[in-house]
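Q: Pasting a structure below so you can have a look.
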DNA sequence: CCGTTGACCCTTC
DNA sequence: AGAAGGGCCAACG
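In our numbering, the protein residues as written are 768 to 876.
This is how it looks when you write it as structure tokens:
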């Protein structure tokens, strides 16, 4: 046990969740992108912690790494994460990564 | 207030 | 292109 991610009292976690819940289907975002939008571009790790202890109802499966690789902590590991993205309509190539440059979404869009 | 931790990111070999 | 190490920031006890 470590970072339990406390209740909504500061704003960082609330801000991140607010963005993740807005990610449309078939699109993906990077932890660094979310962190930057919330005000801390270097707090990508914090976003990851929120992803695990945050609201499971949010589409965390649409959040991937900067290079397009999937999260290892996701339920089921990379395969489980890949299935979730495919369910959203995201197609994978021969690699276990997604085309971030093409699927990367932005809240202003 | 200080130390520890993490679904990461960046630089370098 | 892949692997290894260090650093970053926010939150808990």
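Glycine included, every Cβ here is placed at the ideal spot set by N, Cα and C.
1. Given that a residue counts as buried once 16 or more other Cβ atoms are within 10 Å of its Cβ, and exposed if not, what is residue 850?
2. Report the three-state DSSP secondary structure of residue 801 (helix, strand or coil).
3. Can you tell me whether residue 875 is buried or exposed? The criterion is at least 16 other CB atoms within 10 Å of its CB, across all chains shown.
4. When the Cα of residue 790 is compared with those of 781, 820 and 801, which residue comes out closest?
5. Taking the CB atoms as reference points, tell me whether residue 864 and residue 843 lie closer together than 8 Å.
A: This is what the structure gives:
1. exposed
2. helix
3. exposed
4. The option with the nearest alpha carbon to residue 790 is 801.
5. no
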